[in-house]
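Worksheet: one structure, shown below.
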Ligand SMILES: CNCCCN(C)c1ncc(F)c(N2CC(C(=O)NCc3cnc4ccccn34)C2)n1
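Numbering (the working numbering), first residue to last: 6 to 411.
Right, here's the structure in full:
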């Protein structure tokens with residue numbers, strides 16, 4: 006039924022619209038909705054026509070202007086960092102907010118082949134109030150034949166003070182237009198929220214590395230029979246990793262890591278194929294951004310590798326701590342070392358690098374080690390989305406997903 010409210014303020018009008026026409030914007034997008042799932046055949050939902058792509062940017066409300074962000078420019082990078090630090094994703098209880106660092110953003114958003122107009126800002130009086138990004142990827146979908154050049158969308162953020170201005174849909178339409186202009190017609194993205202129509206719903210798992218701090222910041226809680234010291238003993242880790250020959254990845258390992266990674270990812274229904282150039286960018290260690298360790302056997306043969314990225318969260322109100330240091334599992338390939346042992350070493354290495362918690366999704370082969378290494382399921386769900394592509398069976402199981410978005 007129509008929702009009616011007494012005071013008919015502009016905000017209430019937005020609320021009425023939301024309640025009576027949910028996903029108003031998403032219904033206009035080429036995402037299969039429930040009732041048409043069965044008659045679409047696998048592949049692109051809409052065929053794009055380059056000549057029909059709008060040549061000029063979408064209109065913004067007055068005083069708002071488009072702005073291509075140059076992340077290499079210190080001042081502009083600072084503006085992006087501050088916008089995200091103060092206005093990006095929070096947990097449901099508003100206790101934590103992601104604090105992506107500038108070096109992390111340069112890693113995530115300046116890969117080989119990046120376009121200068123795919124880091125889109127919106128400014129009011131020189132102040133950044135909106136942001137959305139794309140990077141070019143080649144996604145393999147469900148089989149070797151479907152190699153699709155597309156964009157990976159991320160970091161959609163609107164300043165808290167100017168929400169409910171319908172700026173987010175305009176940011177999405179503008180990045181879509183700029184991707185279309187490059188003759189690309191698909192996108193892949195993730196979100197903690199559910200909008201039409203996830204292709205997979207994955208779950209976060211957490212492995213405590215610093216039990217005391219996790220309890221003190223409210224990330225973990227103690228049940229009646231648990232004590233802090235019991236928890237510390239339970240999650241205690243050895244000082245050094247177990248696997249002989251494990252060491253930080255170096256430039257000389259790139260070729261072997263590329264081969265191991267590309268071979269391994271063929272096991273999944275959604276995965277990227279990496280060139281040496283891309284492995285150099287995404288896996289060579291960067292302090293406080295990405296850590297990659299390889300297992301080198303005799304004669305310099307690399308048989309396995311593990312990797313995790315650094316994404317701290319600001320603890321919004323806590324007398325003792327300002328940040329939660331979280332390591333997120335990235336890509337791990339175990340061909341000789343048992344995966345449980347390799348990931349046990351990942352925990353030890355992350356603990357030694359100062360992390361408080363090690364997070365992993367239940368994608369790829371992760372469920373092979375989650376329980377045994379005492380990961381706990383979190384309340385965070387991460388949904389994967391494919392824009393303008395119909396899958397054979399609409400949904401993929403988490404273990405069929407072979408891509409990690411940061
Ligand atoms: C492409 N971008 C997706 C990745 C962004 N990532 C990492 C993310 N997206 C949604 C989540 F649900 C999530 N979770 C990690 C789990 C977790 O740690 N939950 C407690 C917590 C601590 N800090 C924060 C900050 C924000 C939200 C929850 N937080 C849940 N991670």
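Ideal placement from N, C-alpha and C gives every residue a C-beta, glycine not left out.
Could you say which of the options lies nearest to residue i if we only look at CA atoms?
i: residue 406; options: 362, 270 and 294; result: 270
i: residue 131; options: 227, 319 and 85; result: 85
i: residue 221; options: 31, 52 and 361; result: 361
i: residue 249; options: 305, 166 and 373; result: 305
i: residue 188; options: 355, 53, 385 and 89; result: 53
i: residue 50; options: 200, 322, 34 and 223; result: 34
i: residue 173; options: 29, 257 and 349; result: 29
i: residue 112; options: 60, 98 and 140; result: 140
i: residue 149; options: 25, 267 and 312; result: 267
i: residue 64; options: 208, 247, 320 and 177; result: 177
i: residue 97; options: 119, 151 and 224; result: 224
i: residue 320; options: 200, 238, 55 and 99; result: 99
i: residue 339; options: 299, 318 and 136; result: 299
i: residue 255; options: 145, 310, 328 and 95; result: 310
i: residue 251; options: 240, 346, 275 and 164; result: 346
i: residue 219; options: 282, 326 and 315; result: 326
i: residue 161; options: 138, 167, 144 and 382; result: 138
i: residue 370; options: 153, 274, 240 and 90; result: 274
i: residue 57; options: 200, 105 and 185; result: 185
i: residue 272; options: 120, 246, 44 and 147; result: 147
i: residue 107; options: 408, 384, 292 and 342; result: 292
Measuring only the C-alpha atoms, how far is residue i from residue j?
i: residue 296; j: residue 380; result: 20 Å
i: residue 290; j: residue 359; result: 16 Å
i: residue 6; j: residue 21; result: With a pLDDT of only 46 at residue 6, under the threshold of 50, the placement of this residue in the model should not be trusted; the figure read from the coordinates follows. Looking at the two C-alpha atoms, the distance is approximately 11 Å.
i: residue 214; j: residue 322; result: 22 Å
i: residue 301; j: residue 211; result: 28 Å
i: residue 332; j: residue 79; result: 25 Å
i: residue 10; j: residue 410; result: In this prediction, residue 10 scores a pLDDT of 46, lower than 50, which makes its location untrustworthy; no coordinate-derived value is stated.
i: residue 280; j: residue 181; result: 26 Å
i: residue 101; j: residue 386; result: 16 Å
i: residue 402; j: residue 103; result: 27 Å
i: residue 355; j: residue 183; result: 39 Å
i: residue 353; j: residue 262; result: 21 Å
i: residue 368; j: residue 116; result: 23 Å
i: residue 208; j: residue 400; result: 15 Å
i: residue 226; j: residue 328; result: 17 Å
i: residue 390; j: residue 156; result: 12 Å
i: residue 277; j: residue 59; result: 29 Å
i: residue 61; j: residue 27; result: 29 Å
i: residue 90; j: residue 312; result: 24 Å
i: residue 110; j: residue 236; result: 34 Å
i: residue 31; j: residue 229; result: 45 Å
i: residue 44; j: residue 179; result: 30 Å
Below 8 Å on the Cβ atoms is my guess for residue i versus residue j; work out the distance and round it to an integer in Å.
i: residue 36; j: residue 392; result: 7 Å
i: residue 259; j: residue 284; result: 5 Å
i: residue 348; j: residue 357; result: That belief does not hold up - the Cβ atoms of residue 348 and residue 357 are roughly 15 Å apart, past 8 Å.
i: residue 198; j: residue 217; result: With a Cβ gap of about 32 Å, residue 198 and residue 217 do not count as contacting.
i: residue 88; j: residue 164; result: 7 Å
i: residue 373; j: residue 344; result: 5 Å
i: residue 76; j: residue 114; result: 6 Å
i: residue 105; j: residue 316; result: 7 Å
i: residue 265; j: residue 307; result: 7 Å
i: residue 246; j: residue 350; result: 4 Å
Is residue i near ligand 3, with its Cβ less than 7 Å from a heavy atom?
i: residue 101; result: Ligand 3 is absent from the structure shown, which contains only ligand 1.
What are the complete alpha helix (DSSP H) segments, minimum 4 residues, inside the region 274–353?
Note on the region 274–353: whole alpha helix (DSSP H) runs with a minimum of 4 residues are 281–288, in chain order.
Do the region 124–138 and the region 70–78 meet, that is, are 3 or more Cβ pairs less than 8 Å apart?
Contact between the region 124–138 and the region 70–78 is present, because at least three Cβ pairs lie under 8 Å.
List, from N- to C-terminal side, the alpha helix (DSSP H) runs of 4 residues or more that fit wholly inside the region 43–121.
Within the region 43–121, the runs of alpha helix (DSSP H) that reach at least 4 residues and sit entirely inside it are, in chain order, 79–92 and 107–114.
Under 8 Å: do the region 181–194 and the region 361–371 share three or more Cβ pairs, one atom per stretch?
In short, these stretches do not touch, since the Cβ pair count stays below three.
Determine contact between the region 382–399 and the region 199–216, defined as no fewer than three beta-carbon pairs at a distance below 8 Å.
Touching, per the Cβ criterion.
Going along the chain, which unbroken runs of the beta strand (DSSP E) with 3 or more residues stay wholly within the region 197–243?
Entirely contained in the region 197–243, the beta strand (DSSP E) runs reaching 3 residues are, in chain order, 205–213.
Within the region 370–398, ranges of the beta strand (DSSP E) (whole runs, at least 3 residues)
Every beta strand (DSSP E) stretch that sits fully inside the region 370–398 and reaches 3 residues is listed by chain position as 381–392.
Every unbroken beta strand (DSSP E) inside the region 117–174 [3 residues or more]:
With a minimum length of 3 residues, the continuous beta strand (DSSP E) runs that stay inside the region 117–174 are 124–129, 132–146 and 152–163.
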